[in-house]
Amino acid sequence: MVWTVDTTGTQVAVTTGVTTDQNGRLVGVLAIGDGPSAVLDRQGNGSVQVSVNALQTLLDVEELQALAERAHRRGPR
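In this text, residue positions in the sequence shown follow our numbering: the first is 55, and each later residue adds one.
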C-alpha cells in the first residue's frame with residue numbers, strides 16, 4: 055500500500071495485489087481509498103490497457119515536470 059492525495063488534497067491509500075476472482079482465477083487488483091476496486095486481468099476486458107495507460111500517464115507527468123523545471127531554470131527570454 056502506498057499513500058497519495060486525491061484531487062481535493064485528501065490523503066488516500068492505493069493498494070495493489072493478487073487475489074482470486076469469483077471463478078477462482080488469479081487476477082491483479084487495484085483499490086483506491088474506500089472506493090471500488092478494479093480487477094486487472096488479461097481476459098480482454100480492457101483492464102490491461104488501463105494499466106498501460108496509467109503507466110504512460112505517470113511517464114507523461116515526469117516529462118512535463120522536467121520540461122517545466124528546465125524552462126524555470128532558463129527564466130524569461
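Ideal Cβ positions, reconstructed from N, Cα and C, are used throughout, including at glycine. In this text the structure is predicted, and so the values were computed from the model without any measurement.
T64 carries a coil assignment under DSSP once its states are collapsed to helix, strand and coil.
For the pair V104 and S91, the CB atoms are not nearer than the 9 Å cut-off. Each residue's CA atom was taken as its position, placing L80 and D95 some 8 Å apart. For G82, the enclosing beta strand (DSSP E) starts and ends at L80 to I86. Check the Cα spacing between T69 and each of Q76, T62, T58 and H126: the tightest is with T58. Nearest neighbour of T74 by Cα position, chosen from G63, V93 and G87, turns out to be V93. Residue pairing for A92: DSSP places it in a beta bridge opposite L84.
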